[in-house]
Amino acid sequence: MRVNILQHTPNEGPGAIGAWVKERGHKLYIYHPEAFGILPKASETDLLVVLGGPMSPGDDLAWLPQERELIADCLKSHIPILGICLGAQQIAMALGASVHRAPHKEVGWAPVYRQSDALPGLPEKLLALHWHQDMFELPEGSHLLYSSDLLDNQGFLVNGNVVGLQFHLEQQEDNVREIVINDGAYAEEGNDLHQSPAEILEQEVPAANKQAIYTILDYLSVH
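Going by full-length UniProt numbering, the sequence shown opens with residue 1, and the numbers climb by one from there.
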């Protein structure tokens, strides 16, 4: 299986997703559309992963609508997709749902609570890393997967093989350090989770997060 990953910023890499690809014997291809303007084709994609980033889907960047066109092509071909943070927002927009400023800015660690059994094997509660200020509305026909205390729409499953997550399960301890040392100031400006960069780093990454992202990827790889 060829797993194409779209990485939008240097400090938000695939983390545990890359480990899953290697452990399952698949082939990993990482694209950097913000840096190089290159995207794969749907015809050369078996699983598409769209990562997060500091951009908003409505920003005036040529590659953002091009990326949504790729997502739409994958949807038409029933190619499985996982979107995280910005990636989930891009999927929602490609499906006709709106993306806008969330009522609360969430930066740091906070629990999310499962709202549906549509994707089997996911835990009822996870302590996830949040790094966002925008949010998606649910695409038509989707199942709400997770909510947090501050934001209802934290994850969805649509078309049986497309998952969007507003929060991060893929980031392991070294990945969290990379995010915080480079973008820690984002946590200090109007953060409704009220966590400093130091407090974010103090939290140990729960082992359940890696297990959950593996569960999602295993599901997508056969649907």
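Quick reminder that beta carbons are idealized off the backbone N, C-alpha and C, glycines included.
Since this is a predicted model, take the numbers as computed values, not measurements.
Distance between beta carbons of residue j and residue i, contact taken as under 8 Å
| i | j | result |
| --- | --- | --- |
| H26 | I84 | With 8 Å as the limit, H26 and I84 do not qualify as a contact, their Cβ atoms being about 18 Å apart. |
| L82 | I216 | 7 Å |
| D46 | I79 | 7 Å |
| V205 | Q172 | 6 Å |
| L150 | S116 | No, L150 and S116 are not in contact; Cβ-Cβ is about 19 Å, not under 8 Å. |
| L122 | R114 | 6 Å |
For residue i, the first and last residue of its enclosing beta strand (DSSP E)
| i | result |
| --- | --- |
| K106 | Correcting the residue identity first, residue 106 is Glu in this sequence and not Lys. Run containing E106: V99 to R114, per the beta strand (DSSP E) assignment. |
| I30 | K27 to Y31 |
| L6 | R2 to L6 |
Residue i vs residue j beta-carbon contact at 9 Å
| i | j | result |
| --- | --- | --- |
| M55 | E34 | yes |
| K28 | P14 | The sequence as given places Leu at residue 28; Lys does not occur at that position. In this structure, P14 lies closer than 9 Å to L28 by Cβ. |
| G87 | G164 | yes |
| A102 | D134 | yes |
| E106 | L51 | no |
| P137 | A92 | Going by the sequence as given, residue 137 is Glu instead of Pro. Contact flag set, yes. |
| P139 | V158 | yes |
| Y146 | G160 | no |
| Q90 | E67 | yes |
| residue 238 | A187 | In this structure the chain extends from 1 to 223, so residue 238 is not present and cannot be described. |
| P120 | Y31 | no |
| A110 | L193 | yes |
| W131 | I179 | yes |
| P65 | V99 | no |
| M1 | S221 | yes |
Residues near residue i by beta carbon distance below 7 Å, same chain, minus five either side
| i | result |
| --- | --- |
| residue 224 | Nothing about residue 224 can be read from this structure; the chain reaches only from 1 to 223. |
| D183 | N11 |
| S77 | A42 |
| L61 | M55 |
For residue i, the first and last residue of its enclosing alpha helix (DSSP H)
| i | result |
| --- | --- |
| I71 | W63 to K76 |
| G82 | One point to set straight first is that residue 82 is Leu, not Gly, in the sequence displayed. Counting along the chain, L82 falls outside any alpha helix (DSSP H), though it belongs to the beta strand (DSSP E) covering I81 to I84. |
6 Å Cβ shell around residue i - same chain, five flanking residues per side excluded
| i | result |
| --- | --- |
| I213 | A16, L169 and E170 |
| V3 | V21, H26, L28 and L47 |
| K210 | A16 |
| D174 | none |
Neighbourhood of residue i by C-beta distance below 8 Å, restricted to the same chain and skipping five residues each side
| i | result |
| --- | --- |
| E199 | G108 |
| A72 | A94 |
| G190 | K105 |
| L75 | I81, A94, L95, N159 and V162 |
If you scan the region 137-213 from start to end, which runs of the alpha helix (DSSP H) of 4 or more residues do you find wholly inside it? You should have 173-183 and 197-202.
Starting from the N-terminal side, write out each stretch of the beta strand (DSSP E) that is 3 residues or longer and does not extend beyond the region 10-59. Secondary structure within the region 10-59: the beta strand (DSSP E) runs of 3 or more consecutive residues, fully enclosed, are 27-31 and 47-50 (chain order).
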